[in-house]
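The next block holds one structure in the form of C-alpha cells; read it before the comments.
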Amino acid sequence: MLTYTMLKSVSHKNMGNVILAVSMIYLSCLHLHRQIYHTADYTLDITGPLMVITQRVTSLAYSLQDSLTVKERPTSANSSEANGELVKIEKIPSPLEYFAYTLAFQTLMCGPVVFYSDYIKFIEGARVDEFEKTKRATEPSPRRAVLYKVCGSVAAALLYLSLAQKYPLAVLEELTDPSSEVSRSWSALYLLWYAYLSTLVVRCKYYHAWLLSEAICNNCGMGFNGYNNDGTPKWDKMSNIDIFGFEFAQNFRVAIASWNKNTNQWLRDVAYERGGAAWRTARVYALSAVWHGFHPGYYLTFFAGGLFTVAGRKIRYVARPMFLDSVPKKLFYDCVTFFTTRVAMTYATVPFVLLHLTPSLAFYGKFYYSLHFIALGALLIPDKTKRSRGSQVQENSLYRPSVDALSILEPIESSSNGKLKIT
C-alpha cells in the first residue's frame, strides 16, 4: 500500500529511485529482524515472498519512470532502444491491477520475478496475439512444457532426498571448524569434494522450486514466448534457471548468467543500466547482497564471484586463442575450463550456504585463500597490445572483452525483445 501511494504521489522523474530506496529499507529491516530474533527452528519466514514483491514494485516503478519521462521529451532512436519494452507502460496501474500484479500467486513464494509488462499481457491475452497465427487454428498448448518441467522438478526433489542425508550441511560446518578432529583429519581435496556435493544438494532445492513455479506459470498460460523455427510453441518467458548451462558452464560468466536469470534481468534494469558506467559493478553487487540479507556469507560469496568473473574474463581473453588451432587442443581447453569453473564455483558459494563468518573464513583458510590469490594474480596479466589484424579479428569474434565485471548481465544471446536470454 505504501509503494502504491508513492507511485501516485512521487514525481515520476525520481519515482524508481525513491521506491527502490524505500522498498530496500523495509526489506532490510525484516532481514535484520529475522536474523537477530528468529532461531533456527523458526519456520515462518516472510522475507522470501517480500524479496519477490520488492523486485516487482521496483521494476514497475522504474518502468513507469522511464515511460513517463520519455513522454515529456522528444523520442529518439537511442532512447527507444535503451528503454526497450519499458516505455510501453504508459500509465500508473489501477489499485486492482497493481495489487493483482504484486500479489500474483504463481511466483510469489520463490520467484521468478514477473515483470509488469509481461503480467498484464498475460491477463489481457495479448501475449499470444503478438505472434502470427496464420497456420494455427488454436492457441498454443503448454501441456508438453508443463510435463517436462514437472518431471524435472520431481527429479530435482528426488536427487535432493537421496543426497541430503549423505551430505548434510551440518557436516560441512564441522569440517570448517578448526577445533574439530574431523576437520584436522580430512584433506583439503576431500573437503572441496564434500563441499561440491553439499552445495549441489542446496541447488537441487532451487531447481525443484523454480521448475515447479515455472510449470505453474505455463499451466495457467503465463510464459509464452513465441514459436520455434519448427512451429512448436516456446514457453520459456518465465524460465529462471538453465540447469545444464549452470552445471556444465566453462566460465564463471555463463554459470552466473544461467542462474536466477530473471533476477539478473531485474538487476540489469534497476541498477546496471542506471547512473552511468562508473561504479555500476559495485552498485549491482551491493544491491544483490543487500537484497539477499545481511549474513556475512552472502558478501563473501559476492566478492569472490565478482573477483572470479573479472579474472576469468582476463584469462579467457589471453589464453583461449592459443587453443583454437586444433580440435584436440580446443577439447583440452574445454575440459580444463569446465573443471576450474566447477572448483571456483564451489569455492565461492560455500559461504553463501554456511552464512556465518567464522566457518566461511575457516573454509577459505583450508585452501590458504589460494583461489583469491590466483584470481588477483590473473588481474596482473598484461593485455595483448600487439597482434596481427587477422588474429585480432578472430579473437574479437570469439570473445568480446569488457572492463566491467558485470558483463554477466549483458546478454549473451539476445532475444527479440532485448532481454536476457541464456539459459
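98 is the number of the first residue of the sequence shown in this note's numbering; add one for each residue after it. C-beta atoms are modelled at their ideal positions from N, C-alpha and C, and glycine is treated no differently.
Just to confirm, is the Cβ distance from residue 204 to residue 460 under 8 Å? no
Secondary structure at residue 338, three-state DSSP: helix, strand or coil? strand
Beta-bridge pairing of residue 356 - partner residues as DSSP gives them: 338
Would you decide whether residue 301 is buried or exposed? Buried here means 16 or more other CB atoms lie within 10 Å of its CB. buried
With a floor of 4 residues, list each alpha helix (DSSP H) that falls wholly inside the region 265-319, ordered by position along the chain. 266-272, 278-282 and 285-316
So, are the CB atoms of residue 164 and residue 186 less than 8 Å apart? yes
For residue 174, three-class secondary structure by DSSP: Bear in mind that a pLDDT of 41 at residue 174, under 50, signals an unreliable position, so the number given afterwards is only what the model happens to contain. Here residue 174 sits in helix by DSSP.
So, is residue 433 buried or exposed, given that buried needs 16 or more other C-beta atoms within 10 angstroms? exposed
Sequence-distant residues of its chain with Cβ nearer than 6 Å to residue 250 (five each side left out): 305, 308 and 309
Contact defined as beta carbons within less than 8 Å: I believe residue 189 pairs with residue 105. What is the distance between those atoms, to the nearest angstrom? 7 Å
By the 10 Å Cβ neighbour count, where 16 or more other Cβ atoms means buried, how is residue 327 classified, buried or exposed? exposed
Going by DSSP, name the residue or residues bridged to residue 324. 330
Pull up the CB-CB distance for residue 435 and residue 345, whole angstroms please, since I reckon it's below 8 Å. 7 Å
Write down every uninterrupted run of the alpha helix (DSSP H) in the region 398-483 whose length is 4 residues or greater and which is fully enclosed by it, in chain order. 424-451, 454-463 and 467-475
Distance, Cα to Cα, residue 450 vs residue 430? 30 Å
Count the other C-beta atoms from every protein chain shown that fall within 10 angstroms of the C-beta of residue 468, then say buried if there are 16 or more, exposed otherwise. buried
Look up residue 150 in the DSSP assignment and say whether it is helix, strand or coil. helix
Taking the alpha-carbon positions, what's the residue 424 to residue 299 distance? 36 Å
Thinking just about the alpha-carbon of each residue, which of 476, 151 and 318 is nearest to the one in residue 414? 476
Indicate the three-state DSSP secondary structure (helix, strand or coil) for residue 105 in the structure shown. helix
Determine whether the beta carbon atoms of residue 349 and residue 237 lie at a separation below 8 Å. no
Do you know whose CA, among 367, 154, 317 and 244, lies nearest residue 192's CA? 154
Reduced DSSP secondary structure (H/G/I, E/B, other) of residue 235: coil
Cβ contact (3+ pairs, closer than 8 Å) linking the region 354-364 and the region 333-340: yes
Among 381, 394, 441 and 392, nearest to residue 409 - alpha-carbon criterion: 441
In the structure shown, what three-state DSSP assignment does residue 189 receive? coil
Beta-carbon proximity of residue 395 to residue 386, cut-off 8 Å: yes
How long is the line joining the alpha carbons of residue 277 and residue 254, rounded to whole angstroms? 32 Å
Extent of the continuous alpha helix (DSSP H) run through residue 126: 112-134
Check whether the Cβ atoms of residue 160 and residue 213 lie closer than 8 Å to each other. yes
Considering only residues of the same chain and omitting the five flanking positions on each side of residue 290, which have a CB-CB separation below 8 Å? none
Span separating the alpha-carbon of residue 265 from that of residue 162: 46 Å
Is the beta carbon of residue 210 closer than 8 Å to that of residue 119? no
Which first and last residues belong to the alpha helix (DSSP H) in which residue 240 is found? 240-261
Length of the line joining the Cα atoms of residue 329 and residue 239: 10 Å
Burial state of residue 422, where buried means 16 or more other Cβ atoms lie within 10 Å: exposed
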